[in-house]
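Participant: Residue numbers (my numbering): 41 to 455.
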């Protein structure tokens, strides 16, 4: 006996109802998780976009974290630099008063005591730490105090006073990425921020006939300079000037010495890496192991100093009652130091403004990424509930129709 009926309608109905059940389960999972995609295979193209957008969002978040970190440190540094401006302005006022010649030596001594107190306050400013416990003005070596403060007894002072201040930080330039392909320096160097005027170095030797005999390499303010065998002094001058450091080299027309001068106020750091050309030219000492800035040749003439040099000179001149010296180079030196400090403040302000602009742009970019990602990954709850209701209605109708059409009879069991 052969069956004359077909089970195709039943199989087709079961397939369509199973398909609708699967879709209902998908919508239910989406409503429960509020996500449009339950797995990557639901929409591979959208999933790829979501992964890329998620990566971009995390990268933008890191850039914003970097900017906030740098901006926080700079905000603290700016506060200390403004305090230094106030101190230097008061030093300048005292120097102008002391230069008039109308005060007695005793009164000048009282001024000297105030100057010494101001220098003590300035010593705390230059060795200030940020909120993270790192020194603000130490260059890249943020775990070491940037300035070494030496105290001792001086004539005319009844208490211990500052006798010398030297920079003990480094010239490292740490950089942090703030957007794709763009970085910014994060550290400040105290021998730039708190330097008084242009520094000049006059070499000790006549270099008119100097010639490099072997390959030499040295570091000038963080820039590498390479000398080749056969280079004469004019080649040396050219290579120093082309190195990119804020230093200008020249040949003294009278003594024939190699002279260096900063183009912006800061302390020159020169360190040999290979060869002895700097020693032969009378710039550096031949004592091994001596680090900058204490490695200048003993007979080289070094001029220019920090704000401390000007302040200590003012105090000592007031103690001596030397109002002529107070009104001469000291007032001029304080003016230059104040100008340099204000210029560094302006530079810091310009960099901070750049961070603000970049941060604003990244904030907008972050919002755009979040909106795009949301349009792909997040579920439209209203649409999902509407679809769920339609699926439930059509599924119920399908069951009812199938129940009427596929009613079993005795013939279904005959073979």
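All residues carry an ideal CB built from backbone N, CA and C; glycine is no exception.
Is residue 125 closer than 8 Å to residue 388 when the C-beta atoms are compared?
Facilitator: Start at 1 with the first residue of the chain shown, and residue 388 comes out as number 348. Start at 1 with the first residue of the chain shown, and residue 125 comes out as number 85. Against a cut-off of 8 Å, the Cβ pair of residue 125 and residue 388 comes out as no contact.
Participant: Would you say residue 260 and residue 216 are within 8 Å of each other, going by their C-beta atoms?
Facilitator: In the chain shown, counting from the first residue as 1, residue 260 sits at position 220. In the chain shown, counting from the first residue as 1, residue 216 sits at position 176. For residue 260 and residue 216, no; Cβs fall outside 8 Å.
Participant: At the level of alpha carbons, what is the spacing between residue 55 and residue 416?
Facilitator: Start at 1 with the first residue of the chain shown, and residue 55 comes out as number 15. Start at 1 with the first residue of the chain shown, and residue 416 comes out as number 376. Their backbone Cα atoms lie some 30 Å apart in a straight line.
Participant: Below 8 Å, can you find three or more Cβ-Cβ pairs linking the region 340–347 to the region 224–235?
Facilitator: yes
Participant: Between the Cα of residue 338 and the Cα atoms of 161, 228, 243, which residue gives the shortest distance?
Facilitator: As a working note, residue 338 is residue 298 in the chain shown. Measuring from the Cα of residue 338, the nearest candidate turns out to be 243.
Participant: Apart from the five residues just before and just after residue 132, which ones in its own chain have a Cβ nearer than 6 Å to its Cβ?
Facilitator: The residue you call residue 132 lines up with position 92 of the chain shown. Cβ within range, chain order: 374.
Participant: Distance, Cα to Cα, residue 403 vs residue 189?
Facilitator: Along the chain shown, read from residue 1 onward, the residue named residue 403 stands at position 363. Along the chain shown, read from residue 1 onward, the residue named residue 189 stands at position 149. Going by the C-alpha atoms only, they are around 44 Å apart.
Participant: Please identify the residue among 270, 246, 174 whose C-alpha is closest to the C-alpha of residue 254.
Facilitator: Residue numbering aside, residue 254 sits at position 214 when the chain shown is read from its first letter. With distances taken between CA atoms, residue 254 lies nearest to 270 out of 270, 246, 174.
Participant: Using 10 angstroms around the beta-carbon of residue 257, count the other beta-carbons present and answer buried if the total reaches 16, otherwise exposed.
Facilitator: Working through the chain shown from its first residue, we reach residue 257 at position 217. Per the 10 Å Cβ criterion, exposed.
Participant: Can you tell me where the beta strand (DSSP E) with residue 192 in it begins and where it stops?
Facilitator: Residue 192 sits at position 152 when you count from the first residue of the chain shown. 187–192 is the extent of the beta strand (DSSP E) around residue 192.
Participant: Could you name each continuous alpha helix (DSSP H) segment of 4 residues or more that falls completely within the region 228–273, going from the start of the chain to the end?
Facilitator: 230–233
Participant: Alpha carbon to alpha carbon, how far is residue 353 from residue 197? Give it in angstroms, no decimals.
Facilitator: By one-based count along the chain shown, residue 197 stands at place 157. By one-based count along the chain shown, residue 353 stands at place 313. If you take the alpha carbons of residue 197 and residue 353, they lie about 14 Å apart.
Participant: Might you give, ordered along the chain, the residues of its own chain that have their beta carbon closer than 6 Å to the beta carbon of residue 312, omitting 5 neighbours on each side?
Facilitator: Taking the chain shown and counting its residues from 1, the one referred to as residue 312 is at position 272. Taken in chain order, the residues that qualify are 258, 318.
Participant: Hey, quick one: how far does the beta strand (DSSP E) through residue 218 stretch, first residue to last?
Facilitator: By 1-based counting over the chain shown, the position of residue 218 is 178. Looking at the DSSP string, the run of the beta strand (DSSP E) that includes residue 218 is 215–219.
Participant: Short of 6 Å in beta carbon distance, which residues of its chain neighbour residue 203, apart from the five on each side in sequence? Order them along the chain.
Facilitator: Counted from its first residue, the chain shown places residue 203 at position 163. Here the set comprises 190, 192.
Participant: Starting from residue 291 and walking both ways along the alpha helix (DSSP H), at which residues does that stretch end?
Facilitator: As a first step, residue 291 is located in the chain shown; it is residue number 251 there, counting from the start. Not the alpha helix (DSSP H): residue 291 falls in the beta strand (DSSP E), residues 287–291.
Participant: Is the region 160–177 close to the region 100–116, with three or more CB pairs under 8 Å?
Facilitator: yes
Participant: I need the DSSP call for residue 410, collapsed to helix, strand or coil.
Facilitator: Walking along the chain shown from the start, residue 410 turns up at place 370. Three-state DSSP puts residue 410 in a helix.
Participant: Just checking my contact of residue 187 with residue 208 at CB under 8 Å: how many whole Å lie between their CB atoms?
Facilitator: Locating residue 187 in the chain shown gives position 147, where the first residue counts as 1. Locating residue 208 in the chain shown gives position 168, where the first residue counts as 1. About 6 Å separates the two Cβ atoms, so the contact holds.
Participant: Buried or exposed: where does residue 361 fall if 16 or more other Cβ atoms within 10 Å of its Cβ makes it buried?
Facilitator: For the purposes of this step, residue 361 is taken as the residue at position 321 of the chain shown. Classification of residue 361: buried, given that the 10 Å Cβ count is 16 or more.
Participant: Between the region 270–286 and the region 326–334, are three or more C-beta pairs nearer than 8 Å?
Facilitator: no
Participant: What residues in its chain sit with their C-beta under 8 Å from that of residue 224, if we drop five residues either side in the sequence?
Facilitator: For the purposes of this step, residue 224 is taken as the residue at position 184 of the chain shown. Non-local C-beta neighbours of residue 224 in its own chain, meaning closer than 8 Å and more than five positions away in sequence, comprise 110, 215, 216, 218, 391, 394, 395, ordered along the chain.
Participant: If we call anything under 8 Å between Cβ atoms a contact, is residue 409 one with residue 97?
Facilitator: Against the chain shown, residue 409 aligns to sequence position 369. Against the chain shown, residue 97 aligns to sequence position 57. Yes, these two residues count as a Cβ contact at 8 Å.
Participant: With 8 Å as the threshold, decide whether the Cβ of residue 378 is near any Cβ in chain D.
Facilitator: Any reference to chain D falls outside this structure, which holds one protein chain only.
Participant: Near residue 351, what residues of its chain come up, given a Cβ to Cβ distance below 6 Å and the 5 sequence neighbours on each side ignored?
Facilitator: Against the chain shown, residue 351 aligns to sequence position 311. The beta carbon of residue 351 sits closer than 6 Å to the beta carbons of 131, 159 from its chain, once the five residues preceding and following it are set aside; these are given in chain order.
Participant: Just tell me which of 156, 106, 230 has its CA closest to the CA of residue 182.
Facilitator: For this step, residue 182 is matched to residue 142 along the chain shown. Closest option to residue 182, Cα to Cα, is 230.
Participant: Give the single residue among 356, 321, 355, 357 whose Cα lies nearest to the Cα of residue 340.
Facilitator: Residue numbering aside, residue 340 sits at position 300 when the chain shown is read from its first letter. Of the candidates 356, 321, 355, 357, the one whose C-alpha sits nearest the C-alpha of residue 340 is 321.
Participant: Relative to the C-alpha of residue 264, which candidate in 336, 92, 285, 273 has its C-alpha closest?
Facilitator: Position 224 of the chain shown, counted from the start, is the residue given in the question as residue 264. Among 336, 92, 285, 273, the Cα nearest to that of residue 264 is on 285.
Participant: Run through the DSSP bridge pairs and tell me what residue 336 is partnered with.
Facilitator: Position 296 of the chain shown, counted from the first residue, corresponds to residue 336. Answer is 324, bridged to residue 336.
Participant: Nearest CA to the CA of residue 102: which residue from 405, 437, 412, 149?
Facilitator: Here residue 102 refers to the residue found at position 62 of the chain shown. Minimum Cα distance to residue 102 is reached at 405.
Participant: Using the DSSP secondary-structure output, state which residues sit across from residue 204 in a beta bridge.
Facilitator: As a working mapping, residue 204 is identified with position 164 in the chain shown. Residue 204 is bridged to 190.
Participant: Could you tell me the alpha carbon to alpha carbon distance between residue 302 and residue 324, rounded to whole angstroms?
Facilitator: The residue labelled residue 302 in the question sits at position 262 within the chain shown. The residue labelled residue 324 in the question sits at position 284 within the chain shown. Taking the straight line joining both Cα atoms gives about 17 Å.
Participant: Using a Cβ-Cβ cut-off of 7 Å (strictly less than) and excluding sequence neighbours within five positions of residue 307, which residues of its own chain qualify?
Facilitator: Taking the chain shown and counting its residues from 1, the one referred to as residue 307 is at position 267. Excluding residues within five positions, the ones whose Cβ falls inside 7 Å are 207, 231, 235, 239, 333.
Participant: Where does residue 174 sit, in a helix, a strand or coil, going by DSSP?
Facilitator: Taking the chain shown and counting its residues from 1, one reaches residue 174 at position 134. In the structure shown, residue 174 sits in coil (DSSP, three-state: anything other than H, G, I, E or B).
Participant: Can you tell me whether DSSP reads residue 281 as helix, strand or coil?
Facilitator: Indexing the chain shown from 1 puts residue 281 at position 241. Residue 281 sits in a helix when the DSSP states are folded into three classes.
Participant: In the DSSP assignment, what are the bridge partners of residue 224?
Facilitator: Within the chain shown, residue 224 is the residue found at index 184, counting from 1. For residue 224, which the question treats as bridged, DSSP gives the partners 216.
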